Amino acid sequence: MKLVIAIVQDEDAPRLIDALMDKDYSVTKLSSTGGFLRSGNTTLLIGVNKEEVDNVISIIEEYCKTRKQITAAPIPATWVSSVYMPHTVEVQVGGATIFVLDISQFEKI
Ligand code: 2BA
104 MKLVIAIVQD
114 EDAPRLIDAL
124 MDKDYSVTKL
134 SSTGGFLRSG
144 NTTLLIGVNK
154 EEVDNVISII
164 EEYCKTRKQI
174 TAAPIPATWV
184 SSVYMPHTVE
194 VQVGGATIFV
204 LDISQFEKI
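Numbering (our numbering), first residue to last: 104 to 212.
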């Protein structure tokens with residue numbers, strides 16, 4: 104048994120969950136926040152047999168798109184002619200960040 108943990112963008116989550124559920128995978132959705140952008144993202148927990156992991160990852164690949172986001176840079180802003188000028192940086196986010204964990208025991212009680 105494996106646990107697939109997938110961190111995806113909120114915009115991609117509803118269609119991805121529908122696609123996984125259509126294929127009879129059990130999914131738990133958690134609301135999460137990225138440490139860098141400090142904006143919401145979605146973490147999905149998907150418990151599967153090890154033979155299913157590649158299929159789950161290919162479904163995630165199909166539904167999760169890479170996007171660019173502009174964010175305030177983690178360096179001090181500057182004042183130009185008395186105008187506050189925060190530095191911004193463009194970052195590429197996603198498609199998905201995926202971890203696959205071994206599960207030593209799985210029970211439903
Ligand atoms: P965030 O931490 O909000 O990061 C959003 C995007 O910002 C990242 O996209 C990456 O392109 C960029 N970024 C992150 N840290 C950076 C840094 N120190 N300097 C410059 N740019 C940086 P992704 O790599 O696609 O990650 C999307 C989200 O997945 C992350 O949101 C975080 O919530 C999660 N994540 C990514 N790698 C992780 C890891 N190793 N462990 C736990 N969570 C992770």
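All C-beta atoms in this analysis are idealised placements derived from N, C-alpha and C, irrespective of residue type, glycine included.
Just so we're clear, the structure is a prediction, and the values are computed from it rather than from any experiment.
Classify residue i as buried or exposed, calling it buried when 16 or more other Cβ atoms lie within 10 Å of its own Cβ.
i       : result
Thr-131 : exposed
Ala-175 : exposed
Gln-112 : buried
Asn-158 : exposed
Would you say residue i and residue j are within 8 Å of each other, going by their C-beta atoms?
i       : j       : result
Tyr-166 : Leu-119 : yes
Thr-146 : Ile-110 : yes
Ile-206 : Gly-150 : yes
Leu-133 : Leu-148 : yes
Ser-129 : Thr-136 : no
In its own chain, which residues sit with a C-beta less than 6 Å from the C-beta of residue i, not counting the 5 before and 5 after it?
i       : result
Val-196 : Arg-170, Gln-172
Leu-204 : Leu-106
Ile-163 : Ala-109, Ala-199
Quick one: residues in its chain with C-beta nearer than 7 Å to the C-beta of residue i, no 5 flanking neighbours on either side, listed in chain order?
i       : result
Asn-152 : Met-104
Whole runs of the beta strand (DSSP E) within the stretch 119 to 150, excluding any shorter than 3 residues: 131 to 136
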